[in-house]
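Chains as they are written, first to last, in the UniProt record's numbering: chain A, 1 to 305; chain B, 1 to 305. A virtual CB, placed ideally from N, CA and C, is assigned to each residue, including glycine.
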DNA sequence: CATCGAGTTGCTCATAATGCAATTCACCTA
DNA sequence: TAGGTGAATTGCATTATGAGCAACTCGATG
C-alpha cells in the first residue's frame with residue numbers, strides 16, 4: 001500500500017473523477033486507475049462505484065475517505081513542521097482568487113512574497129465561480145462577498161467599500177449629481193450577474209440602514225471590467241468596490257461622486273476573505289501567505305488609504 | 001516519501017536500532033538505512049543521531065516520531081476497518097506471553113482460534129522479561145502479576161489463585177501439614193527471582209489480610225518448572241498459581257495442602273492481564289483474540305473450575 | 001448516429017528498491 | 001593495546017515497480 005495511492009484516492013473522492021485527480025497530481029489517468037485498483041485490491045474491498053460519467057464512493061469508501069483525508073492532512077502537517085523547523089516554509093502553495101481581485105491585489109504581491117520565501121512555489125488560479133478548496137485541492141481560496149459554506153475557516157482580509165464614480169469628462173458634460181435620487185437623471189452602468197441586476201444601496205450620513213435607489217442606464221454587463229472600461233471612456237456612472245478602481249481614482253481617471261453618502265452594492269457590509277479547510281490553518285505555507293497578505297494589504301487596506 | 005520509510009522510522013525510533021527494525025519488518029538492514037536516509041533527505045532534517053552503539057532520536061525526530069506513530073496507527077485501524085467490513089479480521093497478530101503461561105494456556109488455544117479466523121496469521125513469542133508492546137511492535141502482551149506501566153491499556157483475563165501442594169508420595173512420607181506454621185517442618189521449594197526469594201503468604205479463613213509465613217527448603221530456583229519437576233518427584237512442597245499446575249492437580253500428581261487457608265505468592269491478589277497500546281483496542285484482530293481468550297478461559301478460569 | 005470524454009488495459013522504458021557483499025566504526029574483551 | 005564483534009553505511013548487480021503513451025471500451029450528449 002503506498003502513499004500516492006492514498007493521496008490519489010482522496011483526490012478522486014474529493015473531485016469525483018479519476019481524470020481530475022490525475023490532472024491535479026500531474027499524472028496520467030492510467031496511473032490513477034491502477035493505483036486505485038491496487039488500493040482496492042489491498043483492501044479486498046471496492047471503494048468507488050465506476051459509474052459511467054461520475055465516480056461515486058462506496059459506503060466503505062466514504063468512511064475510508066473521511067479517515068484517510070484527515071490522516072493525510074495530519075501527516076502533511078507533521079511532516080511540514082518537522083521539515084520546517086529552523087527553515088522556511090517550502091513546497092507548493094495553491095491559491096485561488098476571483099479574477100479581478102487576483103489580478104489587482106494577489107498577483108502583484110506574489111513577487112515580493114516569493115522573494116521572501118524562496119523555497120515556496122505558488123500556483124495561482126483565478127476564477128470567479130466559487131471553488132471548494134477541499135474539492136479542488138487548493139490551499140487558500142480568496143472570495144469577495146458573502147460566505148455561505150460552513151465547514152471551512154474564513155479569515156477576513158479587508159472590509160469592502162463601494163464608491164460611486166465617473167470619469168471627469170462625463171461629469172463635466174452631465175454635471176455632478178447632488179443626491180442619490182439625482183442618479184435617476186444619469187446613465188448608470190450596472191452590473192448584472194447570476195443574481196440579477198445589482199441594486200445600488202445608499203446610506204444617508206448618520207443613518208444605519210442602506211436604502212435601495214433606482215438607477216438605470218444604457219449598459220449592463222456581467223463583466224465588471226467592461227463596465228469599468230466604459231466608465232473610463234465617459235459613458236456613465238459606476239458603483240464599484242474601492243479595491244477594483246483605486247488605481248483609477250488615484251490617477252484621477254475616475255472621480256468620486258456623492259461621497260457624503262455611503263454607497264454599497266450589497267444590503268449589508270461585505271468583506272474580502274481568505275477561506276481554507278480548518279486544518280490548513282496550521283500549515284506554515286498558508287500562515288506565511290496569510291500573514292504576508294494581511295500586512296501588505298494593511299488596515300485600512302492600502303487601496304482605501 | 002513512502003509509507004515503508006515512515007513505518008521503518010517508527011520501528012527504528014521504537015527499538016532504537018536499525019537492525020532490530022529490519023528484523024521486525026523482514027528487510028535487510030541496508031534497506032532500512034536507505035529508507036531512513038531518504039526520509040531525512042525529504043525532510044531536509046536529521047531525525048536520528050547515529051551514535052555508535054545505539055540510535056537516538058533528534059529533537060525534531062522525537063516530535064515527528066510521536067506524530068507519525070499515531071498517524072500510522074490511525075491509518076492501520078482505518079484500513080483494517082475498511083478491509084474488514086463484512087469479512088474476517090486478517091493480517092498478522094503478534095502475541096507475547098510469559099513462557100509458562102503461554103505454553104500452557106495460549107499455545108493450545110491457537111489452533112481453534114486460527115481455525116475460526118482462517119485469514120489471521122499469528123506470531124507467538126514467549127518471554128518472561130517484560131516486553132513493551134510499542135517498542136517490540138507486538139499487538140498483545142500477556143503478563144502475570146503486577147502492572148506498572150501506565151500508557152498502556154490492560155484487560156484482566158483472570159484472577160490468579162495460588163495453591164500449596166505436594167506430590168502424594170511426599171505427603172505419605174512426611175505427613176500432611178495441619179497449619180501454615182507447620183510448613184517450617186517441611187521442605188519447601190521456593191521460587192527466587194529477580195526480586196529475591198518469593199515469600200509465602202497465607203490468609204486465615206475469614207481474615208482480610210495476608211500474612212507471611214517462614215518457609216525453608218533445600219531447593220530454590222528462578223525457574224518455576226524446575227521447582228515443579230522437583231515437587232512432582234516428591235522432593236517437597238511448592239506454592240504455585242493454579243494456572244501453572246492445574247493439570248497436575250487434576251491428574252492427582254499433586255495434592256493440595258492447607259486448602260482451608262488461602263495462599264498467595266504476593267501480598268495482594270494478582271491477575272493475569274492482556275496489555276496493549278490504547279489504540280490497538282479498536283483493532284479487530286486484537287478484539288477477536290481477546291474475545292476468544294476470554295471466553296475460552298471463562299470466569300472462573302477453566303483451570304480453577 | 002456520430003462524437004466526445006472518461007476509465008481501463010497492454011506495452012515499453014526508466015527509475016527505484018532489493019539483497020548481498022564489502023567497508024567502516026566504535027565498543028568490548030582478552 | 002590489539003583483535004573481535006555487532007551495527008550502520010556504501011557499492012553493485014538484479015529485479016520489480018511505476019510512468020507514460022497509445023489503443024480500446026463504454027455511456028452520454030447533441
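Can you find the residues in the same chain that come closer than 7 Å, C-beta to C-beta, to residue i, ignoring five residues on each side of it along the sequence?
i, result
"residue 211/B", "201, 202"
"residue 73/A", "279"
"residue 19/B", "29"
"residue 100/A", "224, 225, 244"
"residue 199/A", "212"
"residue 131/B", "96, 138, 141"
"residue 58/B", "46, 47, 48, 49"
"residue 10/B", "65, 68, 69, 72"
"residue 106/A", "95, 97, 124, 142"
"residue 148/A", "none"
If you count every other CB in all the chains shown that lies within 10 Å of the CB of residue i, and 16 or more means buried, which is it?
i, result
"residue 285/A", "buried"
"residue 24/A", "buried"
"residue 197/A", "exposed"
"residue 98/A", "buried"
"residue 177/B", "buried"
"residue 21/B", "buried"
"residue 295/B", "exposed"
"residue 143/B", "buried"
"residue 79/B", "buried"
Residue i CB to nearest chain B CB: under 8 Å?
i, result
"residue 278/A", "no"
"residue 79/A", "yes"
"residue 284/A", "no"
"residue 63/A", "yes"
Could you confirm whether any beta carbon from chain A is found closer than 8 Å to the beta carbon of residue i?
i, result
"residue 2/B", "yes"
"residue 71/B", "yes"
"residue 46/B", "no"
"residue 67/B", "yes"
"residue 117/B", "no"
"residue 82/B", "yes"
"residue 74/B", "yes"
"residue 60/B", "yes"
"residue 43/B", "yes"
Below 8 Å on the Cβ atoms is my contact criterion, and I expect residue i with residue j to pass it. Report the Cβ-Cβ distance as a whole number of Å.
i, j, result
"residue 40/B", "residue 46/B", "6 Å"
"residue 71/A", "residue 75/B", "5 Å"
"residue 222/A", "residue 193/A", "5 Å"
"residue 55/A", "residue 26/A", "Rounded, the Cβ-Cβ distance is 19 Å, inconsistent with contact."
"residue 122/A", "residue 93/A", "5 Å"
"residue 270/B", "residue 160/B", "5 Å"
"residue 306/B", "residue 249/B", "The structure shown does not extend to residue 306/B, since chain B is modelled only from 1 to 305, so the question has no answer here."
"residue 162/A", "residue 268/A", "About 12 Å separates the two Cβ atoms, so there is no contact after all."
"residue 36/A", "residue 4/A", "Incorrect: roughly 11 Å between the Cβ atoms, too far for contact."
"residue 32/B", "residue 8/B", "5 Å"
"residue 228/A", "residue 240/A", "7 Å"
"residue 117/B", "residue 305/B", "Between residue 305/B and residue 117/B the Cβ distance is about 26 Å, and since that is not below 8 Å, they are no contact."
For residue i, which residues of its own chain have a beta-carbon under 6 Å away from its beta-carbon, when the five flanking residues on both sides are left out?
i, result
"residue 292/A", "113"
"residue 60/A", "45"
"residue 125/B", "96"
"residue 102/A", "126"
Taking the alpha-carbon of residue i as reference, which of the options has the nearest alpha-carbon?
i, options, result
"residue 134/A", "296/A, 290/A, 208/A, 277/A", "277/A"
"residue 300/B", "118/B, 289/B, 238/B, 272/B", "272/B"
"residue 48/A", "14/A, 282/A, 294/A, 103/A", "14/A"
"residue 155/B", "256/B, 163/B, 51/B, 140/B", "140/B"
"residue 172/B", "264/B, 294/B, 101/B, 254/B", "254/B"
"residue 152/A", "295/A, 63/A, 281/A", "281/A"
"residue 205/A", "179/A, 16/A, 184/A", "179/A"
"residue 302/A", "42/A, 5/A, 246/A", "246/A"
"residue 44/B", "64/A, 42/A, 89/A", "89/A"
"residue 191/B", "182/B, 184/B, 215/B, 183/B", "215/B"
"residue 238/B", "287/B, 38/B, 184/B, 288/B", "184/B"
"residue 129/A", "195/A, 168/A, 110/A", "195/A"
"residue 242/A", "38/A, 168/A, 104/A", "104/A"
Which same chain residues end up closer than 8 Å to residue i when comparing Cβ atoms and leaving out the 5 residues on each side of it in sequence?
i, result
"residue 236/B", "166, 170, 186, 187, 188, 189, 217, 218, 219, 230"
"residue 146/A", "266, 270"
Sorry if obvious, but does the Cβ on residue i come closer than 7 Å to a heavy atom of the ligand FMN?
i, result
"residue 128/A", "For the ligand FMN, the structure offers nothing, since it holds no ligand at all."
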